[in-house]
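Enquirer: With the first letter of the sequence shown counted as 1, position 3 gets the number 9 in this note's numbering; the numbers rise by one all the way through.
The C-beta atom is built at its ideal place from N, Cα and C for all residues, glycine as well.
In this text the structure is predicted, and so the values were computed from the model without any measurement.
So that we are looking at the same thing, I have put the structure below in structure tokens.
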Amino acid sequence: MAEEKKPWDQESFDQKMKESLNDLSSLRMELQNLLVKFGLRALKQYQAARNYPLRANEIDRLVKYEIENAIHDVSEQDSKAAIIKQARLEWEKQHSTPQQ
């Protein structure tokens, strides 16, 4: 049996696009906060080995290095495959119809 096609609703589409933009902004902020945590973790690690405070240029360099490594790690094929698999499973779970 063929699925019924929904009529095009420009207002509904526009509203969904606005919501999507808000979601994207929120996700970007969450990602930024997560990357800050990666940077802070690296700074704590380096500071633990020293008896004097890290200098500003050291902080900048360490955080930049940590961010680049985190991005590289999730960009590797195995990581991407795991992310794709998890996203697919979550999507299916959210959009599955109860079996009778």
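1. In whole angstroms, give me the CA-to-CA distance for Asn57 and Gln51.
2. If we ignore side chains and look at the alpha-carbon of each, how far apart do Gln106 and Gln100 end up?
3. Reducing DSSP to helix, strand and coil, say where Lys12 ends up.
4. Mark Glu72 as exposed unless 16 or more other C-beta atoms lie within 10 angstroms of its C-beta, in which case mark it buried.
5. Just the Cα atoms here: how many angstroms apart are Ile65 and Ala55?
6. Within 10 angstroms of the Cβ of Ala88, are there 16 or more other Cβ atoms? Answer buried if so, exposed if not.
7. Kindly indicate which three-state DSSP category Glu82 falls into: helix, strand or coil?
8. Does the Cβ of Ala48 have 16 or more other Cβ atoms within 10 Å, making it buried, or fewer, making it exposed?
9. Looking at the structure shown, is Ser18 part of a helix, part of a strand, or coil, going by DSSP?
Expert: Looking at the atomic coordinates:
1. 12 Å
2. Since pLDDT at Gln106 reaches only 46, below the 50 mark, its modelled position is unreliable, and no value is offered.
3. DSSP places Lys12 outside both helix and strand once states are collapsed to three, so it counts as coil.
4. buried
5. 14 Å
6. exposed
7. coil
8. For Ala48, the number of other beta carbons within 10 angstroms of its own is at least 16, and it is reported as buried.
9. helix
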